[in-house]
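To start, the structure itself, in structure tokens.
Numbering (my numbering), first residue to last: 353 to 452.
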């Protein structure tokens with residue numbers, strides 16, 4: 353799965369887990385902090401029950417760029433497309449190989 357490739361890519365650069373959490377709820381919050389809040393429609397892709405989450409109003413500022421300042425613009429674009437909340441919107445393996 354492309355999500356796993358994106359997580360491994362980030363972890364290789366960081367030298368530590370990108371979405372570390374001490375329990376499932378904390379890990380999900382860590383993902384929100386790094387990627388920003390998903391939209392209502394994107395929440396449904398997380399699985400049963402997640403679409404019922406009550407998220408704060410507004411957007412949480414994503415910190416992906418802050419966590420990985422060593423990546424250039426193309427690297428951030430690739431990583432962001434690998435870590436898209438919606439599986440159907442993620443970059444495919446073939447597209448990732450062609451990505452600049």
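Just so you know, even glycine gets a beta-carbon here, dropped at the ideal spot from N, CA and C.
Whole-angstrom distance between residue 385 and residue 394, CA atom to CA atom: Rounded to the nearest angstrom, the gap between the Cα atoms of residue 394 and residue 385 is 16 Å.
Is residue 432 helix, strand or coil when you go by DSSP? Reduced to three states, the DSSP call for residue 432 is helix.
What number of angstroms, rounded off, separates the C-alpha of residue 430 from the C-alpha of residue 448? Going by the C-alpha atoms only, they are around 7 Å apart.
Taking the C-alpha atoms as reference points, what is the distance between residue 369 and residue 379? Using only the alpha carbons, I get a separation of about 11 Å.
Chain-order list of residues whose beta-carbon lies under 8 Å from that of residue 428 (same chain, five-residue window excluded): Correct list, in chain order: 416, 417 and 420.
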